[in-house]
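Letter by letter, the sequence shown follows residues 25 to 443 of this note's numbering.
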Amino acid sequence: MTHLSRRALLAAATTTTAATALTGSAAAAAAAEPAHGRKLRTGFERLAASGYAQLDGERVGIVTNPTGITRDVRHIVDVMHADDRVDLVAVFGPEHGFRGTAQAGGSEGYYEDPATGLPVYDTYQKSGQPLADIFTQSAVDTVVFDIQDVGARFYTYIWTLFDCMQAAALAGKRFVVLDRPNPVTGRAALGPILHKEFATFVGREPISQAHGMTVAELARLFNGEYLSTPVPLETVLMSGWRRDEFYDASGLPWVPPSPNMPTPETALVYSGTCLFEGTNLSEGRGTTRPFELLGAEGIGRQWAAAANELGLAGVHFREAYFAPTFSKFQGKTVGGVQVHVHDREEFDPVRTGIGLLITAKRTWSGFAWRPDNWIDKLTGSTQVRTMIDAGAGVDEVVGGWQDELNAFRAVRRKYLAYR
25 MTHLSRRALL AAATTTTAAT ALTGSAAAAA AAEPAHGRKL RTGFERLAAS GYAQLDGERV
85 GIVTNPTGIT RDVRHIVDVM HADDRVDLVA VFGPEHGFRG TAQAGGSEGY YEDPATGLPV
145 YDTYQKSGQP LADIFTQSAV DTVVFDIQDV GARFYTYIWT LFDCMQAAAL AGKRFVVLDR
205 PNPVTGRAAL GPILHKEFAT FVGREPISQA HGMTVAELAR LFNGEYLSTP VPLETVLMSG
265 WRRDEFYDAS GLPWVPPSPN MPTPETALVY SGTCLFEGTN LSEGRGTTRP FELLGAEGIG
325 RQWAAAANEL GLAGVHFREA YFAPTFSKFQ GKTVGGVQVH VHDREEFDPV RTGIGLLITA
385 KRTWSGFAWR PDNWIDKLTG STQVRTMIDA GAGVDEVVGG WQDELNAFRA VRRKYLAYR
């Protein structure tokens, strides 16, 4: 009875309003740290330093993957499992799996983790009541989320976050988000806004293509704007992180969040060049530079020349040839471009992606959209595809989403927790 009463009090104390007050205070403390000698501490580091106070007395399950690591590259599941102060009873694996063995569009299924003996439940492609049933079956009281995001709407981990929050609300569970940096900064929201009729697992709700938020900020946004039943939410913010910082300023090791996100430089271009998944060109999967190498059979040097003529800020394009080891054009030598960012402060990944689509279509007669119009799911509407097909230039395409983007920026601003 005492435990149930405590749960009720916790639920009441962690509504969206209370969570906003809590995280706002933490953000103020983080912002007050001196600019010199500043050390970033992740949400997990701050949780552990508190003796796991926010998990006290709770049976805990954690949604994570190989990026859920400490500064000395131990996995947080291994750390928590070995600590008597945490009652960790379950792990929930997203796309690619908890230990990261699956390629894009795959997961690891249910199994017992050999390192800890913990049950690992598969969340991939599960949402709503079926996912709530998994949380109920696991007998957890609190679901914790700790996954490194890369800042793009179509990177599926943020929608794993959304689906798990929704399912936790249905199952009557608490939800705790441990924050990590946005590796491409949190300076700005960029790109088109998703229209709800194009909602899929690469975009559930109307946010921008590059959202410029951390996962904790997104959780607050989801809870405040998009979940019909908000979940009892707590966020453990970072200290020492600033919105204008790229990942290398964090001092944290980089673990690829998915097999085709090998470096922070990949993340820098991804929110623009991932649009080539919606075409018949290779987006560089099967190479050592996915999303930086783009091409197809029959493309020559004309594309790189045309892309460079656009004068896009912070980026050059090199004529490139490569042979993907899997995915599109597997084993074939293709021509195209390599994206070289020379000034990341000025670089706009979404504008760059649009410029590359326009010039690819103009210089290569074989250009085609995927027959299922996947590009519309990635961009969030038919607008980008139809404008490019009609011959629009970069400024015209980018200008087409500005009103919706400005409206989203106003909503986003309410949930930002860092300076």
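From the three backbone atoms N, C-alpha and C, an ideal C-beta is built for every residue, glycine too.
These numbers come from a predicted model, not from an experiment.
| request: Taking 8 Å as the threshold, find out whether the segment 181 to 191 comes into contact with the segment 223 to 230 through three or more Cβ pairs. | output: Per the Cβ contact rule, the segment 181 to 191 is in contact with the segment 223 to 230 (3 or more Cβ pairs under 8 Å).
| said: The beta strand (DSSP E) that contains Ile-231, what's its start and end? | reply: Your numbering for residue 231 matches position 207 in the sequence shown. Counting along the chain, Ile-231 falls outside any beta strand (DSSP E), and DSSP gives it neither H nor E.
| query | Going by alpha carbons, who is nearest to Glu-241 out of Leu-202, Glu-269 and Asp-272? | reply | In the sequence shown, the residue the question calls residue 241 occupies position 217. The shortest C-alpha separation from Glu-241 is found at Leu-202.
| Asp-400, DSSP secondary structure in three states | As a working mapping, residue 400 is identified with position 376 in the sequence shown. Judged by DSSP in its simplified three-state form, Asp-400 adopts helix.
| When we look at the beta-carbon of Ala-52 and count the other beta-carbons within 10 Å, is it buried (16 or more) or exposed? | Locating residue 52 in the sequence shown gives position 28, counting from the first residue. Low local confidence applies: a pLDDT of 35 at Ala-52 is under 50, so the model's placement there is unreliable, and no value is given.
| task | Determine the DSSP secondary structure at Ala-50, reduced to helix, strand or coil. | result | By 1-based counting over the sequence shown, the position of residue 50 is 26. Residue placement at Ala-50 cannot be trusted, given a pLDDT of 38 that sits under 50; the coordinates are not used to answer.
| message | Give me the DSSP bridge partner(s) of Arg-198. | response | By one-based count along the sequence shown, residue 198 stands at place 174. Per DSSP, Thr-166.
| For Arg-83, which three-state DSSP category applies? | Start at 1 with the first residue of the sequence shown, and residue 83 comes out as number 59. In this structure, Arg-83 counts as strand in the three-state DSSP scheme.
| field | Rounded straight-line distance, which links the Cα of Ala-163 to that of Val-260 | value | Taking the sequence shown and counting its residues from 1, the one referred to as residue 260 is at position 236. Taking the sequence shown and counting its residues from 1, the one referred to as residue 163 is at position 139. Answer to the nearest angstrom: the Cα atoms are 23 Å apart.
| said: Contact between the segment 143 to 151 and the segment 194 to 209 is defined here as three or more beta-carbon pairs at a separation below 8 Å; is this criterion met? | reply: No, because fewer than three Cβ pairs between the segment 143 to 151 and the segment 194 to 209 fall closer than 8 Å, the two stretches do not touch.
| request: For Ser-49, collect the residues of the same chain with a Cβ closer than 8 Å to its Cβ; drop the 5 residues on either side in sequence, then sort them by chain order. | output: Along the sequence shown, one-based indexing puts residue 49 at 25. Reliability fails at Ser-49, whose pLDDT of 34 lies under 50, so the model's placement of it is uncertain and the value that follows must be treated cautiously. Nothing meets the Cβ criterion.
| Using the C-alpha atoms, what's the distance from Pro-277 back to Gly-85? | What you label residue 85 is simply residue 61 of the sequence shown in a count that begins at 1. What you label residue 277 is simply residue 253 of the sequence shown in a count that begins at 1. Each residue's Cα considered, the two are about 24 Å apart.
| field | Pick from Thr-166, Gln-153 and Asn-89 that is closest to Leu-79, judged by C-alpha positions | value | Here residue 79 corresponds to residue number 55 of the sequence shown, with the count starting at 1. Ranking Thr-166, Gln-153 and Asn-89 by CA distance to the CA of Leu-79 puts Thr-166 first.
| request: Kindly indicate which three-state DSSP category His-60 falls into: helix, strand or coil? | output: Counting from one through the sequence shown, the residue named residue 60 turns up at place 36. Here the model assigns His-60 a pLDDT of 43, short of 50, so the residue's position is not dependable and the matter cannot be decided.
| query | Ala-55 by DSSP, collapsed to three states: which one? | reply | For the purposes of this step, residue 55 is taken as the residue at position 31 of the sequence shown. Because Ala-55 sits at a pLDDT of 38, beneath the cut-off of 50, its placement in the model cannot be relied upon, and the following sentence gives the value as read from the coordinates. Of the three classes helix, strand and coil, the one that applies to Ala-55 here is helix, per DSSP.
| field | Residues that DSSP places opposite Glu-343 in a beta bridge | value | On the sequence shown, position 319 is the one that residue 343 refers to. In the DSSP output, where bridge partners are listed per residue, Glu-343 has Val-361.
| Supposed contact pair Leu-64 and Ser-274 - C-beta distance, whole angstroms, cut 8 Å | Within the sequence shown, residue 274 is the residue found at index 250, counting from 1. Within the sequence shown, residue 64 is the residue found at index 40, counting from 1. Cβ atoms of Ser-274 and Leu-64 come within 8 Å of each other, at about 5 Å.
| said: Quick check: the Cα distance between Val-279 and Trp-327, rounded to an integer number of angstroms? | reply: Within the sequence shown, the letter at position 255 stands for residue 279. Within the sequence shown, the letter at position 303 stands for residue 327. Answer to the nearest angstrom: the Cα atoms are 33 Å apart.
| task | Run the CB neighbour count on Glu-370, radius 10 Å, all protein chains shown included, and call it buried at 16 or more, exposed below. | result | Within the sequence shown, numbered from 1, the residue matching residue 370 stands at position 346. Only exposed fits Glu-370, as fewer than 16 other CB atoms lie within 10 angstroms of its CB.
| said: Using 9 Å as the threshold, is the C-beta distance between Val-9 and Ile-378 below it? | reply: Since the first residue of the chain shown is 25 and the last is 443, residue 9 is not available in this structure.
| task | Within its chain, find whatever has a CB closer than 6 Å to the CB of Phe-346; leave out the 5 residues flanking it on each side and keep chain order. | result | One-based indexing of the sequence shown puts residue 346 at position 322. Cβ neighbours of Phe-346 beyond the five flanking positions: Thr-311 and Leu-317.
| To the nearest angstrom, how far is it from the Cα of Val-239 to the Cα of Ala-329? | As a working mapping, residue 239 is identified with position 215 in the sequence shown. As a working mapping, residue 329 is identified with position 305 in the sequence shown. Answer to the nearest angstrom: the Cα atoms are 38 Å apart.
| field | Rounded straight-line distance, which links the Cα of Glu-69 to that of Pro-58 | value | On the sequence shown, position 34 is the one that residue 58 refers to. On the sequence shown, position 45 is the one that residue 69 refers to. Note that Pro-58 scores a pLDDT of 39, beneath 50, so its modelled location is shaky; the value from the coordinates is reported in the next line. One C-alpha to the other measures close to 19 Å.
| request: Pull up the distance between the alpha-carbon of Thr-297 and that of Val-374, whole angstroms please. | output: Taking the sequence shown and counting its residues from 1, one reaches residue 297 at position 273. Taking the sequence shown and counting its residues from 1, one reaches residue 374 at position 350. Roughly 8 Å between the two C-alpha positions.
| task | Give the C-beta separation of Leu-334 and Thr-383 to the nearest angstrom, bearing in mind that I take them to be a contact with Cβ-Cβ under 8 Å. | result | By 1-based counting over the sequence shown, the position of residue 334 is 310. By 1-based counting over the sequence shown, the position of residue 383 is 359. Contact flag correct, Cβ pair sits at about 7 Å.
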